[in-house]
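2 protein chains.
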Amino acid sequence: MQLVQEQKCFGGRQIRYRHDSHTLNCGMQFSVFLPPQAEQGPVPAVYWLSGLTCTDENFSSKAGAQRVAAMLGLALIIPDTSPRGDGVADDPEGAYDLGLGAGFYVNATQAPWNKHYHMYDYVLSELPALVESELPLNGKRAISGHSMGGHGALVLALRNPERFVSVSAFAPISNPTDCPWGHKALSAYLGEDQAAWAEYDASLLLKAKGSSLPMLVDQGEADNFLAEQLRPQALQAAAEEAGAELELRLQPGYDHSYYFIASFIEDHLRFHARHLGA
Amino acid sequence: MQLVQEQKCFGGRQIRYRHDSHTLNCGMQFSVFLPPQAEQGPVPAVYWLSGLTCTDENFSSKAGAQRVAAMLGLALIIPDTSPRGDGVADDPEGAYDLGLGAGFYVNATQAPWNKHYHMYDYVLSELPALVESELPLNGKRAISGHSMGGHGALVLALRNPERFVSVSAFAPISNPTDCPWGHKALSAYLGEDQAAWAEYDASLLLKAKGSSLPMLVDQGEADNFLAEQLRPQALQAAAEEAGAELELRLQPGYDHSYYFIASFIEDHLRFHARHLGA
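Residue numbers (UniProt numbering), protein chains in the order written: chain A, 1 to 278; chain B, 1 to 278.
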């Protein structure tokens, strides 16, 4: 784990690291915010999964999350959205919603994606093991994300409730087996077996398995992707059917951008802090 | 004044406009944040001048200023950093510190710059007249900025104290007649007559004319440009000599980036709000 850049921010440290990922079979960058409290001892962490086309930089520079994390004593762990580098497969037409910047937090089983695209395992196991061995983290984790990253956060938490104390999402792709983004990505990465897709669909997982995890979801009502791609109603219906603890908030007038995320990130971090004991 | 984009943010409106500037002799974009209070009636405005290479977008997306502006009932007016467009002169070598993105908030007198580079008049007169006629603003103004924009804010306020109630800056180019960035820009835009340069040097202006304006300046001590380009000591010495009301805060560990600005923007907006009666 090699330090690329460190910048002081709200009394804490905004840091970018580079490391060789054995899970992804390539070099990766990620960002971390360590709050001032980490100088005194280990702190809990909120993992943030970003959306299509993003790197670790978008959330770091645009969400205003460090201010709140510094108040609450939370670390932020911010991975990239796909494997990267010269040998990594990309969509032949350079589409924004497949390949680089669009890993969808799955373990790909289909060529050419299966050589590198194992973002599910990377975020679930390799990255936490790495940062928890190298940084002042106490091993308590919450997870959140935006759009494709909201999908990733929900799926990771629903399948691994012992790993996270709480999960939240902004405008998540809530039911990817039933939307164009999800169809395209899941068929490419996982092939045509829809049983495999179901393991990466938060609404289907919640309906099938239920969950006792606290879940908070914000969705802008002026989000252009709401009806066709995001479908939070499917998640809500699944939560009701399963008796799960989902708070879905529809926010009038907000779109899909970081202005929306910035407006509500404080609520999300306070929600996680309560469950993390921060 | 044509609306390009509008996005809800912290209950207010983040808006990008386009207009034909007669001062700059080209089409210009700028951004505005209107706080929720502007729905009820006119509000005061803080003008933000950005640094080298920036557009109106950097501050809008990275500073986290809307959260505070929404609390305090302040509008934010965020111009671009130079004239733009096909006919606008640029540095022949595409340097980042001259030409496009580097207008230095002066009225250029030298060819080829004098055809469009009148950012001083644009920010001082045309832009306020435009937004105050079209938007719910009460005509009270404060001004702030970063680096080249900190220079611009200080110069505009020191030369026009009747136009602004307060001025602040992050890492301003405090003494441009005596640093490489300033030498390069002022000689290009104004020619070799150094008496003309002095009209755009905050330290010389303050020393010569004094000021009763409240001034707040933050400077990161880990800023790579501090010693060679920024020279806040010159501003401080001028303030002491003139008996002016400058609070200069040296912030240990902070660099020149938006992480530094985000960390202290709340202090600056609260400072301006007090003087704006917000």
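Cβ coordinates follow ideal geometry from the N, Cα and C atoms, glycine included. Fair warning: this is a prediction, and the values are worked out from it, not measured in the lab.
DSSP on residue i, reduced to helix/strand/coil?
| i | result |
| --- | --- |
| B/GLU6 | strand |
| B/MET71 | helix |
| A/ALA227 | helix |
| B/LEU76 | strand |
| A/PRO36 | helix |
| B/SER168 | strand |
| A/GLY27 | strand |
| B/HIS275 | helix |
| B/ASN107 | strand |
| A/HIS256 | coil |
| A/ALA188 | helix |
| A/ASN58 | helix |
| A/VAL123 | helix |
| B/ILE265 | helix |
| B/THR53 | coil |
| A/PRO176 | helix |
| B/SER203 | helix |
| B/ALA65 | helix |
| A/GLY182 | helix |
| B/ARG270 | helix |
For residue i, would you say it is in contact with chain B, using Cβ-to-Cβ distances shorter than 8 Å as the test?
| i | result |
| --- | --- |
| A/CYS54 | no |
| A/ALA273 | no |
| A/SER144 | no |
| A/SER125 | no |
| A/SER147 | no |
| A/ALA262 | yes |
| A/ASP223 | no |
| A/GLN14 | yes |
Name the two residues that bound the continuous beta strand (DSSP E) containing residue i.
| i | result |
| --- | --- |
| A/ALA45 | 43–49 |
| B/HIS19 | 12–21 |
| A/ARG141 | 137–145 |
Answer yes or no: does any C-beta atom of chain A fall closer than 8 Å to that of residue i?
| i | result |
| --- | --- |
| B/SER31 | no |
| B/SER187 | no |
| B/CYS179 | no |
| B/GLN7 | yes |
| B/VAL10 | The question names Val, yet the displayed sequence has Phe at residue 10 of chain B. B/PHE10 counts as touching chain A. |
Pull the bridge partners of residue i from the DSSP assignment, please.
| i | result |
| --- | --- |
| B/GLU247 | B/LEU216 |
| A/ALA102 | A/GLY99 |
| A/HIS118 | A/ASN107 |
In the DSSP assignment, the alpha helix (DSSP H) including residue i goes from what residue to what residue?
| i | result |
| --- | --- |
| A/GLN236 | 232–242 |
| A/MET148 | 148–159 |
| A/PRO112 | That residue, A/PRO112, is in no alpha helix (DSSP H); it is neither H nor E in DSSP. |
| B/PRO128 | 127–134 |
| B/PHE211 | First, the amino acid is wrong: residue 211 of chain B is Ser here, not Phe. No alpha helix (DSSP H) holds B/SER211; DSSP gives it neither H nor E. |
| B/ALA198 | 194–198 |
- Message: If the cut-off is 7 Å on Cβ atoms, which residues from the region 42–76 of chain A count as contacting chain B, listed in chain order?
- Response: Cβ contacts with chain B: SER61, LYS62, GLY64 and ARG67.
- Query: For the region 241–262 of chain B, which residues have a CB atom closer than 9 Å to at least one CB atom of chain A, in sequence order?
  - Reply: GLN251, PRO252, GLY253, TYR254, ASP255, SER257, TYR258, TYR259, PHE260 and ALA262
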